[in-house]
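Chains A and B, in that order, give the protein sequences.
The letter at position 145 of the first sequence is residue 145 when you use the numbering used here, and the numbering goes up by one with no holes.
Each number in the numbering used here corresponds to the 1-based position in the second sequence with 216 added.
Take a look at the structure below.
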Amino acid sequence: MITRRGMLKGSMGVAVGTVYSGTLVSFLTGCGSDNNDNGNGEVVVMPGGLMVVNPILCVGCRRCEAACGWNHEGDCGPTIARVKVAHNMNYGPHGVQSNYYEQRGESGDFTLVPQTCHQCNVCMEVCPQKAISINEKTGAREVDESLCVGCGYCADKCPQQTIKVVRSKMKSVKCDLCQGEPNCAQVCTTGAIKFYTWEEAEEALEIYNNYTGLVG
Amino acid sequence: MAMNYGGWAGKVLWVNLTTSEIWTEPTEKYLDYLGGSGIGYKILWDHHVDGQLGTDPENVIVYSIGPLTGSGVICSGRMTVTSRSPATPGHLITDGHVGGHIGPEFKYAGYDALAVIGKANSPVWIRIEDDKVSIESATAIWGKGTFDSNAELTKLMGQDAQVFSIGQAGENLVPMSGFMTPGGHAAGGHGAVMGSKNLKGVGVHGTGTCTIKASRDEMRALDDHILGIIGSNNNNVVPSTPQSWAEYYSSGSRWKARDEIKWGAADEPVELGEVAWNERNRIGYRCSMAEMYVGVEYTNKWLKRMGGCHACPIRCYCEMKVPELKSRFKFKSEYITNTCGGFIWGNYLMPTTAGTEQYALTATAGAYLRDDYGIFSGYGLTHHIFKDMKTADLFKHLLSAEEFADVPWEQWDNNEPEFLVDLYKRVAFPDSYPHENALGRMMGDPVSYIDIWKLDGTNPAIDNWNIYAESNVHLFNRSMRHALHHASECASQVGTLINVIFNRDPMCHSHINVVNGGLPYDILAEVCAEKFGEGAFDPVKWYTPINQGKVNFAKWCVVKNVLHDSLTICNWVFPLIISPDKEKNYRGDSSIEAQMYSLVTGDKVTEEELDIMAERTVQLHRAFTALEMNSNDLRRDHDVLSDWVYDIDPDKNFGDQGTIKMDRDDIQKALGMFYEAWGWDSETGIPTRATLEKFGLGYAADKLAAKGLLPG
Ligand code: SF4
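Okay, here's the thing in structure tokens:
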């Protein structure tokens with residue numbers, strides 16, 4: 001039987017440009033595998049990879065957010081940061097539930113589930129301006145601000161809710177992997193946020209996705 | 217002058233709950249006071265009314281942050297709350313401090329402070345979403361604890377919001393109360409101020425940023441510099457056990473990570489092992505100090521991870537999963553997070569023994585209850601009072617027979633943490649008992665009960681028991697009736713002087729972050745001598761007479777403390793004048809705050825220049841204390857210590873090894889030297905006109921002069 005990991009491991013070393021559909025796609029986009037069977041979800045294997053947080057290790061310091069803001073915009077704040085810690089921090093990915101004290105987050109079971117861009121193609125595909133494209137060197141899906149008109153289609157559709165339109169410049173901003181030197185991972189206090197190549201990503205995403213649903 | 221600095225948001229938000237008016241004013245007029253407590257004291261000064269109570273509607277409460285808050289520089293996640301406090305005699309002004317994430321959110325919403333005046337007709341909360349500010353009904357959550365209240369406020373605002381609320385203690389105007397944010401962060405002493413305004417809480421969501429003048433590379437270079445210097449909580453710079461990377465260790469150090477400790481309740485238990493000082497991406501494991509509150513066994517069972525405030529790599533919060541909270545105590549949640557005093561106080565009150573199950577349960581169940589009710593303890597003062605009085609069996613003489621019979625004393629005698637379930641309810645709901653509930657009221661208002669019960673040695677019914685003579689009670693400043701907080705018990709006259717001048721326990725760790733650093737005494741003494749003068753640091757419990765070095769040290773500590781509460785930076789870690797780096801000869805860098813400030817704001821300052829700005833607020837605080845107390849002699853009216861400070865260990869003399877005893881004449885001399893160092897009248901301890909004018913506080917001199925309070 002071919003396991004999901006086996007499939008990915010077995011395919012390591014495939015040429016850039018190979019197309020996957022199925023399980024890794026569902027991890028990356030957060031959509032169930034049923035959705036992928038119709039062939040809509042495809043990930044083109046590119047150089048580079050994606051940032052994933054291990055919710056068991058994240059301590060909620062938000063240094064990743066700060067370093068991200070410093071690097072990309074020169075300022076600090078959760079809206080401009082491409083990694084989103086605050087959104088799920090206090091009450092978990094689903095916001096305040098009647099049993100909030102059993103859910104994720106600082107007011108629940110203390111598991112923090114920061115959101116990172118999984119470098120899926122959704123934003124790229126929905127952008128009417130074709131402002132988002134793949135950086136050939138890093139594999140990151142990047143916004144070309146000269147083309148972006150701030151319409152917010154990408155933000156609406158982003159499965160991880162990490163791409164946002166920043167009001168001050170009316171441009172969408174998203175993780176570009178800091179041109180291969182992710183600042184968030186450099187400053188992380190526990191090593192919770194890391195860069196994973198596509199090949200390594202499945203296990204990290206599997207752990208992450210254990211924490212994205214409602215508890216119970 | 218247009219604001220052209222990074223750091224500050226630029227606006228102070230005002231809400232009048234009586235008139236429902238909401239307006240802003242430019243932060244610019246407060247820039248000389250930096251932010252945080254500086255803004256708080258200035259606003260309160262401008263609105264001073266003689267004889268006002270903290271619970272009077274016109275008393276202003278200020279929640280304020282500083283230029284560094286939310287900038288992401290290390291340990292910059294704090295907020296200061298300043299107001300008259302019902303927990304002090306005469307409701308004098310105090311400032312409390314809260315971490316977590318609420319301070320930065322104010323910055324992102326565009327505000328350097330929120331000042332609230334007036335009283336709403338019915339329970340309300342203040343909703344702040346960037347420029348949109350409204351006063352909303354809190355009727356539906358009035359009566360709820362802080363856990364549920366914070367959840368309700370967040371539900372209304374959306375999960376990106378940061379919120380805080382008072383619990384039932386604040387609602388019921390219990391002086392010893394505060395507010396809480398999600399994640400266990402609290403500020404104490406002003407819960408009843410909020411309650412008196414019918415203000416249940418505040419919610420903030422900001423989509424803006426903290427602007428920064430420096431480049432990414434400059435910010436990262438400073439970040440890296442600090443990571444090479446910073447220790448653990450309280451800047452302990454050595455591990456608590458011998459480790460392969462460390463030349464020294466100290467068992468008291470809050471650098472607890474080692475092979476024996478794990479985050480045992482994590483879904484995949486995290487083995488910590490040694491965490492060396494230069495492992496930048498493992499610094500968050502370093503502290504892991506839950507054993508201080510629940511012992512090693514329960515750390516390994518209950519500790520899920522460490523947590524803490526925005527932009528802090530040290531992580532002093534112990535986030536624990538304690539199944540017994542649900543199974544045994546029937547609490548809603550089995551999760552509790554807090555740090556230090558948040559866990560400790562229950563064990564000050566109960567007859568527990570460290571390392572036992574009762575001890576661990578008392579720490580965690582007590583924390584849960586106090587946090588949910590929003591009860592403040594004044595650095596454990598109320599808990600020490602209770603235990604000392606219980607041990608001396610005094611309550612039967614002070615409570616009515618009906619009330620005495622109503623208290624489950626056997627639970628205390630049997631060391632059952634359930635006693636706290638009963639007791640804290642009495643504190644939070646003072647009026648809900650068929651009897652007077654004097655016990656609950658005393659725990660909620662010790663300042664008044666010292667008089668009501670005549671605890672000053674004048675009540676024959678309790679054999680003239682004297683709270684000021686009881687070293688176990690820890691009441692340090694007799695006039696202010698506050699607890700010691702790193703005073704003579706660990707830092708000679710340095711700690712004593714720091715514990716004298718504030719109106720509450722000083723919340724100052726500037727000295728602790730040096731003297732408790734864990735390095736051998738000789739190194740610490742050398743660092744202190746270099747910085748403050750010969751003899752600045754005595755070995756703990758082996759004190760020499762006052763000298764100029766100690767006075768300089770104490771003054772420096774207070775200035776740095778107020779600087780941190782103004783910028784805002786965590787004073788539980790900063791300043792960093794020692795480091796774990798042998799290559800640096802264990803020296804730190806006291807100019808880091810000035811470097812941070814210069815980079816973020818673009819206003820390039822030296823350490824000395826920044827300290828002068830912080831000292832301005834200390835000077836204003838002191839003038840304010842004289843004004844509020846209507847005192848022309850603060851040495852006589854304010855700076856008075858309890859007798860036990862001098863009389864402890866009767867068979868030892870001041871200066872003997874092994875005692876923390878102070879000497880009356882020596883302290884009077886120390887006060888005089890301290891006053892002179894600040895430029896205060898050496899007899900009365902009140903700032904002179906020359907000093908006030910030097911700091912641009914001529915208006916304060918005029919006010920004191922008009923009241924006949926200015927020296928000379
Ligand atoms: S820096 Fe690391 S530990 Fe801190 S919030 Fe980000 S992912 Fe979590």
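Heads up, the beta-carbon is just placed ideally off N, CA and C, and yes, glycines get one too.
Note that the structure is predicted; figures quoted are calculated from it, not measured.
Item                                                                                                                       : Value
Beta-carbon separation (whole angstroms), Ile793/B vs Lys747/B, contact threshold 8 Å                                      : 6 Å
Which residues DSSP lists as bridging His698/B, in chain order                                                             : Asn693/B
Span of the alpha helix (DSSP H) around Met812/B                                                                           : Ile808 to Thr817
heavy atom of ligand 1 below 7 Å from Thr397/B C-beta                                                                      : no
Where Trp561/B falls, given that 16 or more other Cβ within 10 Å makes a residue buried                                    : buried
Residue nearest to His690/B in terms of C-alpha spacing, selected from His702/B, Leu815/B and Ala225/B                     : His702/B
Where Glu345/B meets chain A, residues with beta-carbon distance less than 7 Å                                             : Ordered by position in chain A, no residue passes the 7 Å Cβ test against Glu345/B, which lies about 13 Å from the chain.
Val96/A in three-state terms, based on DSSP                                                                                : coil
Contacts that Met522/B makes with chain A (C-beta to C-beta distance below 8 Å)                                            : Val59
Inter-stretch contact at 8 Å, needing at least 3 Cβ pairs: the stretch 244-259 of chain B / the stretch 317-335 of chain B : yes
Cβ-based neighbour list, Leu671/B, same chain, cut-off 6 Å, excluding 5 preceding and 5 following                          : Ile683
Straight-line gap, Val510/B to Cys58/A (C-alpha atoms, nearest Å)                                                          : 22 Å
Distance, Tyr595/B Cα to Phe692/B Cα                                                                                       : 11 Å
Residue range of the unbroken beta strand (DSSP E) whose run includes His174/B                                             : Outside the shown range of chain B (217 to 928) lies residue 174/B, about which nothing can therefore be said.
Beta-carbon proximity list for Val821/B, same chain, < 7 Å, skipping 5 on both sides                                       : Ala810, Tyr813 and Ser814
Members of the stretch 278-307 of chain B near chain A, C-beta cut-off 7 Å                                                 : Gly286, Ser287 and Gly288
Chain A contacts made by the stretch 407-435 of chain B, where a contact means CB separation under 8 Å                     : Gly422, Thr423, Gly424, Thr425, Cys426, Thr427, Ile428, Ser431, Arg432 and Met435
Neighbouring residues (CB closer than 7 Å to any heavy atom of ligand 1)                                                   : Val53/A, Leu57/A, Cys58/A, Val59/A, Gly60/A, Cys61/A, Arg62/A, Arg63/A, Cys64/A, Glu65/A, Val83/A, Val85/A, Leu112/A, Pro114/A, Cys184/A, Val187/A, Cys188/A, Thr189/A, Thr190/A, Ala192/A, Ile193/A and Gly500/B
For Glu626/B, three-class secondary structure by DSSP                                                                      : helix
Host beta strand (DSSP E) of Leu415/B (start-end)                                                                          : Leu415 to His421
Trp896/B classed as buried or exposed, judged by whether at least 16 other C-beta atoms fall within 10 angstroms           : buried
Collapsed DSSP secondary structure at Ile357/B in the structure displayed                                                  : coil
Counted within 10 angstroms of its Cβ, other Cβ atoms place Arg521/B as buried (16 or more) or exposed                     : buried
For Cys64/A, the first and last residue of its enclosing alpha helix (DSSP H)                                              : Arg63 to His72
Coarse secondary structure for Asp37/A, derived from DSSP in three states                                                  : The predicted position of Asp37/A is uncertain, since its pLDDT is 42 and thus under 50; no value can be drawn from it.
CB contact flag (Phe620/B, Lys612/B, <8 Å)                                                                                 : yes
Min CB distance Ala225/B to chain A below 8 Å                                                                              : no
Proximity test, Cβ basis, 8 Å: Tyr944/B and chain A                                                                        : Because residue 944/B is not part of the residues shown, which for chain B are 217 to 928, the question remains open.
Straight-line gap, His165/B to Leu308/B (C-alpha atoms, nearest Å)                                                         : Nothing can be reported for residue 165/B, as the shown portion of chain B is limited to 217 through 928.
Cβ of Gly243/A within 8 Å of any chain B Cβ                                                                                : Residue numbering for chain A in the displayed model covers 1 to 216; residue 243/A lies beyond these limits and cannot be assessed.
Minimum C-alpha distance to Ala581/B - residue among Pro755/B, Tyr551/B, His698/B and Gly282/B                             : Tyr551/B
Below-8 Å beta-carbon distance, Cys184/A vs any chain B residue                                                            : no
Test item: CB-CB of Ile318/B and Gln384/B under 8 Å                                                                        : no
Closer than 9 Å at the beta carbon, the chain A residues around Asn494/B                                                   : The contacting residues do not exist; Asn494/B stays about 14 Å from chain A at best.
Chain-ordered neighbours of Val486/B on chain A, where CB pairs are closer than 8 Å                                        : Ile56 and Leu57
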